[in-house]
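Position in the sequence shown (from 1) plus 5 gives the number in our numbering. We put the beta carbon where it would ideally sit given N, CA and C, even for glycine. On a predicted model such as this, the values are computed, not experimentally measured, just so you know. A short worksheet on the structure shown next.
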Amino acid sequence: MTYLTLFTTPKPFTDPHIARIQRNAIRSWMALGDEVDVILVGDEVGVAEVARELGVRHVPEVARNSYGTPLIPAIFEQARLHSHSPVLAYVNADILLTPSFLQGARVVHNVMPRFLIVGQRWDLEVQDDLVIEAGWEEALRQQVQMHGRRHPPGGSDYFIFPRECFQNLPPMAVGRAGWDNWMIYFARQQGWPVVDASRSIFIVHQNHDYRHLPGGQPHYRLPETEENVRLGGGRRTIFTLLDATHVLCEEGLRRAPLTWKKFWREVEIFPLISLHSRVLGWLTFALFHPRKAYYETYAWLAAVTRPWRRR
């Protein structure tokens, strides 16, 4: 029986490097065993052919925004409709997974009915095809130890959660900044434990450029990123791994340590996630981040008054 369904929306398989690292990622997911199912969502060039080649499920239909980018709620819904596993996981299509991914999901799922598991990645230059054979995981760890770099603890490249969670999502665009941070915010706002599994789940991001995006710009500079942030409720809902309530480590599941930085962050977000007050949440956000609040307010006023100024 399938325990975990991994789903993603790959980029087109037109660029040779992107095609290689996405194939590598999918091969590593399949290596997790029979308890894991893989679904590729979307009809980008080459996705159907690669799904047949690697023997994974393909769901071509997905709703898109005006830019043609697939929407997060549509992707999640397709994964839910075409799976039966108790646990789902969205994973970016350039991420190599190891058996620790499945193990981590089991540890948390055994003690928590609802949760979100997120975590940091390691960045690595990968130029060769991944060959799944005896010792491949240890060889990968050695490459990361010699040449890899730990990515800063911002958002996340994967989200593990029970299938009952995340059923009503705003129409954010995949592959653009903001939606991963919103996922952490929403879980906290719902009262679900957010588990930072960076210490126990070993994943590797295969580095790439942004040639596949409009103008070759990084995703965080595109208009769709600003739209994601707006749909999510503004910059006060940009949550990071610092906002996790628990950590998964070798000793098991533990409460996140209460450092001074963590303490003041909890004070800041308390009105937003515990009192469910956007007004008070905005006030504490402005208190802790006056510059960000100023620029966001300025942008909002500019958008509101733009039709009036055109008259």
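Contact check, D201 vs G124 under 8 Å by CB: the rounded distance?
6 Å
What separation, rounded to the nearest whole angstrom, lies between the Cα atoms of Q194 and R146?
35 Å
Within 10 Å of its beta-carbon, does W127 have 16 or more other beta-carbons around it, so buried, or fewer, so exposed?
buried
With a Cβ-Cβ cutoff of 8 Å, do V55 and P167 count as a contact?
no
I need the DSSP call for V123, collapsed to helix, strand or coil.
strand
Among R155, P158, F191 and D162, which residue has its Cα nearest to the Cα of F171?
F191
Along the chain, where does the alpha helix (DSSP H) containing A291 start, and where does it finish?
R283 to F293
Measuring straight from C-alpha to C-alpha, what distance separates Q222 and K267?
At Q222, the pLDDT of 47 sits below 50, so the modelled position is not reliable; the number obtained from the coordinates is stated separately. The straight-line gap from Cα to Cα measures roughly 33 Å.
Sorted by chain position, which residues of the same chain lie with C-beta nearer than 6 Å to L285's C-beta, five sequence neighbours on each side aside?
If we look at L285 and ignore the five residues flanking it on each side, its Cβ neighbours are P276.
Does T7 come out as helix, strand or coil in the three-state DSSP assignment?
DSSP places T7 in coil when its eight states are reduced to three.
Separation of P118 from G183, as counted between CA atoms:
One alpha carbon belongs to G183, the other to P118, and they sit about 26 Å apart.
Looking only at its chain, what residues have a beta carbon closer than 6 Å to the beta carbon of L236, apart from the 5 residues adjacent to it on each side?
P175 and M177
Please tell me whether H213 and H22 are closer than 8 Å, where the distance is taken between their beta carbons.
yes
Rounded Cβ spacing between T74 and G180 (contact assumed at less than 8 Å)
Indeed they touch by this definition, with Cβ atoms about 7 Å apart.
Would you list the one or two residues that DSSP bridges to H210?
I100 and D128
Would you mind working out which of L59, I100, L227 and W269 sits nearest I26, comparing C-alpha positions?
I100
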